[in-house]
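Student: Chains as they are written, first to last, in my numbering: chain L, 1 to 116; chain B, 1 to 110. A virtual CB, placed ideally from N, CA and C, is assigned to each residue, including glycine. It should be emphasised that the depicted structure is a prediction, and the values quoted were computed from it without experimental measurement.
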Amino acid sequence: GAVVSQHPSRVICKSGTSVKIECRSLDFQATTMFWYRQFPKKSLMLMATSNEGSKATYEQGVEKDKFLINHASLTLSTLTVTSAHPEDSSFYICSARKAVNSYEQYFGPGTRLTVT
Amino acid sequence: EDQVTQSPEALRLQEGESSSLNCSYTVSGLRGLFWYRQDPGKGPEFLFTLYSAGEEKEKERLKATLTKKESFLHITAPKPEDSATYLCAVQAEGAQKLVFGQGTRLTINP
Chain L
1 GAVVSQHPSR VICKSGTSVK IECRSLDFQA TTMFWYRQFP KKSLMLMATS NEGSKATYEQ
61 GVEKDKFLIN HASLTLSTLT VTSAHPEDSS FYICSARKAV NSYEQYFGPG TRLTVT
Chain B
1 EDQVTQSPEA LRLQEGESSS LNCSYTVSGL RGLFWYRQDP GKGPEFLFTL YSAGEEKEKE
61 RLKATLTKKE SFLHITAPKP EDSATYLCAV QAEGAQKLVF GQGTRLTINP
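#1: Mapping DSSP to helix, strand and coil, what is glutamate 59(L)?
#2: Assign phenylalanine 39(L) to buried or exposed, taking buried as 16 or more other Cβ atoms, counted over all protein chains shown, within 10 Å of its Cβ.
#3: On the criterion of 16 or more Cβ atoms from any shown chain inside 10 Å, does glycine 110(L) qualify as buried, or is it exposed?
#4: Of the choices Met47(L), His85(L), Phe34(L), Lys98(L), whose alpha-carbon is the least far from that of leucine 26(L)?
#5: Kindly say whether phenylalanine 107(L), judged by its beta-carbon, lies nearer than 8 Å to any beta-carbon of chain B.
#6: Quick one, which residues of the segment 37 to 50 of chain B are near chain L if we go by CB-CB under 8 Å, in chain order?
#7: So what does DSSP say about glutamate 9(B), is it helix, strand or coil?
#8: Where does histidine 71(L) land, buried or exposed, given buried means 16+ other C-beta within 10 angstroms?
#9: From Leu50(B), Pro80(B), Trp35(B), Ala92(B), pick the residue whose C-alpha is nearest to that of glycine 29(B); which is it?
#10: What residues of chain L sit near arginine 12(B), judged by a beta carbon separation below 8 Å?
#11: DSSP has phenylalanine 72(B) in a bridge; who is on the other side?
#12: Give me the chain B residues within the contact set of isoleucine 93(L), using Cβ-Cβ distance strictly less than 8 Å, ordered along the chain.
#13: Please classify glutamate 1(B): does DSSP put it in a helix, a strand, or coil?
#14: I'd like the list of long-range same chain contacts for serine 19(B), defined as Cβ closer than 7 Å, with 5 residues on each side in sequence excluded.
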C-alpha cells in the first residue's frame, strides 16, 4: 500500500498565530514530499517540493518565510503557517513519492485551515 | 510551458450510461500522465499512471488510454459511487512536480 496521513484534519486558529500541519507516509519511505493548496472547486496548486534532509523548493509567488516546510525524516514533513491571516484559510494537502525512480504521488487526506 | 486541459468541466450521467473524460496535454517530454479521483473534502486518490502512447490501464469500471496529445478516462456502466472529481496530471522529463488540470466533476444519478 501507500498510505499518507495528515494531522490535524481540521484546525481553527486566530489571526496572527502559527499553525503546524504534519504529513506522514505510514507504510513507505518518502524521498520527496509535496505541499499543495486547494481553493473551493479549484484544482491543486503546488506550493513547494521537499526533499528529505534539504531545503524545500518553493513555487513562484509562495512566501517561504510564511510557509515553513521541514522534511526531517523519510516519513515526516511539516508545514508551518506563520502569522496566519484569514486569507491563508484553505485546504492544504500533502503528497509523498515512494522512491527516486517511482513517479506516483500519493496524497494525504488534507487539512482544512480556518483563520479567524 | 507544460499545460493540462480537462473537458468537460462537469458531466452528469445516468447510472449505467457510459462516457469518457478527456485530458489534453502539452509537455516538454512526458515522463508520466496520472489520473486521480477526488471526493469532496478529501485528498486525491491515485488511479493510474500511463507512460507512453498506446498504453491502456483498467480498474473496475474505469479504463485510461494515452496518445501523444491526450488521455481519456472511459467509464463503463457507472454507478452513483463513481461520482467524484477526476483529476489528470502530467510530469515532464527531468521534473519532480505534477502539473494538474482543472478536473472534471462527474455526477452519476441513480
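Tutor: In short:
#1: Reading the first sequence from its first residue, position 59 is the one you call residue 59(L). Note: glutamate 59(L) maps to coil in three-state DSSP.
#2: Residue numbering aside, residue 39(L) sits at position 39 when the first sequence is read from its first letter. By the neighbour-count rule (16 or more Cβ atoms within 10 Å), phenylalanine 39(L) is not buried but exposed.
#3: In the first sequence, counting from the first residue as 1, residue 110(L) sits at position 110. Counting Cβ neighbours within 10 Å, glycine 110(L) comes out buried, since at least 16 surround it.
#4: For the purposes of this step, residue 26(L) is taken as the residue at position 26 of the first sequence. With distances taken between Cα atoms, leucine 26(L) lies closest to Lys98(L).
#5: Working through the first sequence from its first residue, we reach residue 107(L) at position 107. For phenylalanine 107(L), the answer is yes, since a Cβ of chain B falls inside 8 Å of its Cβ.
#6: Gly41, Lys42, Gly43, Pro44, Glu45, Phe46, Thr49
#7: Counted from its first residue, the second sequence places residue 9(B) at position 9. In this structure, glutamate 9(B) counts as coil in the three-state DSSP scheme.
#8: Taking the first residue of the first sequence as 1, we reach residue 71(L) at position 71. Buried, by the Cβ-count rule.
#9: Counted from its first residue, the second sequence places residue 29(B) at position 29. The candidate whose alpha carbon is nearest that of glycine 29(B) is Ala92(B).
#10: If you number the second sequence from 1, residue 12(B) lands on position 12. Simply none; closest approach about 16 Å.
#11: Locating residue 72(B) in the second sequence gives position 72, counting from the first residue. For phenylalanine 72(B), which the question treats as bridged, DSSP gives the partners Asn22(B), Thr65(B).
#12: Counting from one through the first sequence, the residue named residue 93(L) turns up at place 93. Near isoleucine 93(L) (Cβ distances below 8 Å), the residues of chain B are Gly43, Pro44.
#13: As a first step, residue 1(B) is located in the second sequence; it is residue number 1 there, counting from the start. It is coil, neither helix nor strand.
#14: Translated into positions along the second sequence, residue 19(B) becomes position 19. Same-chain partners within the cutoff: Leu11, Leu13, Ile75.
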